[in-house]
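Below: one structure, written as structure tokens.
Residue numbers (this note's numbering): 1 to 104.
Put into structure tokens, the structure is as follows:
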């Protein structure tokens, strides 16, 4: 059974905000940003554990980089072995900011 990929409302808002911010000055760059993120996120369907764990952010947090941004996500169930049913993208944020406390 394929992994279900879902985006939290906050992650959707993050993507929209980044897209609008980039698009104000560079509409084509905003389109490329969106396409890159969609591609990167789709990799998680086949490789849900692709991102590194980040227990400093949250016990279940994983991070996938699309510089300078990071995709913060969780797998359900939260295990390092066995089948993953769901990947939930929780946030998409600028990786240059302090990431601790985002899940708290």
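For glycine and all other residues, C-beta sits at the position ideal for the given N, C-alpha and C.
With 16 other Cβ atoms within 10 Å as the buried cut-off, status of residue i
i          : result
residue 14 : buried
residue 82 : exposed
Whole-angstrom distance between residue j and residue i, CA atom to CA atom
i          : j          : result
residue 94 : residue 72 : 11 Å
residue 60 : residue 23 : 32 Å
residue 28 : residue 16 : 15 Å
residue 5  : residue 25 : 31 Å
residue 78 : residue 12 : 22 Å
residue 54 : residue 64 : 10 Å
residue 34 : residue 10 : 16 Å
residue 88 : residue 7  : 6 Å
residue 75 : residue 41 : 13 Å
residue 45 : residue 51 : 12 Å
residue 18 : residue 32 : 12 Å
residue 38 : residue 92 : 12 Å
Rounded Cβ spacing between residue i and residue j (contact assumed at less than 8 Å)
i          : j         : result
residue 85 : residue 3 : 7 Å
Pick from the options that is closest to residue i, judged by C-alpha positions
i          : options        : result
residue 97 : 39, 38, 82, 67 : 67
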